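In this note's numbering, each residue carries its 1-based index in the sequence shown increased by 2.
All remarks here apply to the structure that follows.
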Amino acid sequence: MVHHNLNRFLDAQESQYQMVINEIKKSRKRTHWMWLFFPQITGLGFSETSKFYAINDFQEATDFLNHKILGTRLVYMSELLLEIKNKTVLDIFGSPDNLKLNSCMTLFGSVPNASIVFEKVIDQYFNGIPDHQTLQIIKSL
3 MVHHNLNRFL DAQESQYQMV INEIKKSRKR THWMWLFFPQ ITGLGFSETS KFYAINDFQE
63 ATDFLNHKIL GTRLVYMSEL LLEIKNKTVL DIFGSPDNLK LNSCMTLFGS VPNASIVFEK
123 VIDQYFNGIP DHQTLQIIKS L
C-alpha cells in the first residue's frame, strides 16, 4: 500500500482556512488557494504548485476524504457553496478555477460512500455534468 503524505495539505491549509471560509461566504474567491482546498487528480494541472498538491491516485482521494480534518473541511466548504444563490461558478471562482472545482467535485464524488454534497455542487454549478477529463484519469488508474 502506498503511503500518501496528506501533511502537505494540512500544513498549507492551517494558516489560510478561515480566510478561505470567509471568501466562500462572500461568494468571491480573491486569493490563491484552490489547489490546497479543492484538489484535483494528477494529470490536470501543469504548474509546480498544482503538481505538488495533485491527488496522486484514487486511494489518496479516499484517504483525503476520510481524513478527519481534510475531509471535514472539504465537505463543509462544498456545503457552503450550495448556500450561494444567484451566482455562477465563474462569478465565484473566476477562470480557470471554475473548472478546477468541477474536477475536484468529480474526483471526490467518485469515492465510494462519499457525501452527496459533491454531486449537488455539480448539479448546482455544472448542470449535473461531471468533469470528463477527471473521469477518464480515474478510469485509467
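Don't be surprised by glycine CBs; every beta carbon is placed ideally from N, CA and C.
Just so it is clear, the structure is predicted and the values come from calculations on it, not from any experiment.
Task: For Ile71, three-class secondary structure by DSSP - done: Translated into the one-based positions of the sequence shown, residue 71 becomes position 69. DSSP places Ile71 in coil when its eight states are reduced to three.
Open item on the list: According to DSSP, is Ile124 part of a helix, a strand, or is it coil?
Closed with: Mapped onto the sequence shown, residue 124 falls at position 122. In the structure shown, Ile124 falls within a helical segment according to DSSP collapsed to helix, strand and coil.
Open item on the list: Please report the distance separating the alpha-carbon of Gly96 from that of Ile86.
Closed with: Start at 1 with the first residue of the sequence shown, and residue 96 comes out as number 94. Start at 1 with the first residue of the sequence shown, and residue 86 comes out as number 84. Approximately 15 Å between the Cα atoms of the pair.
Open item on the list: By DSSP's criteria, Ile57 is part of a beta bridge. Which residues make up the other side?
Closed with: Mapped onto the sequence shown, residue 57 falls at position 55. Bridge partners of Ile57: Ile43.
Open item on the list: Does the structure place the region 5 to 18 close enough to the region 66 to 73 that three or more beta carbon pairs sit under 8 Å?
Closed with: yes
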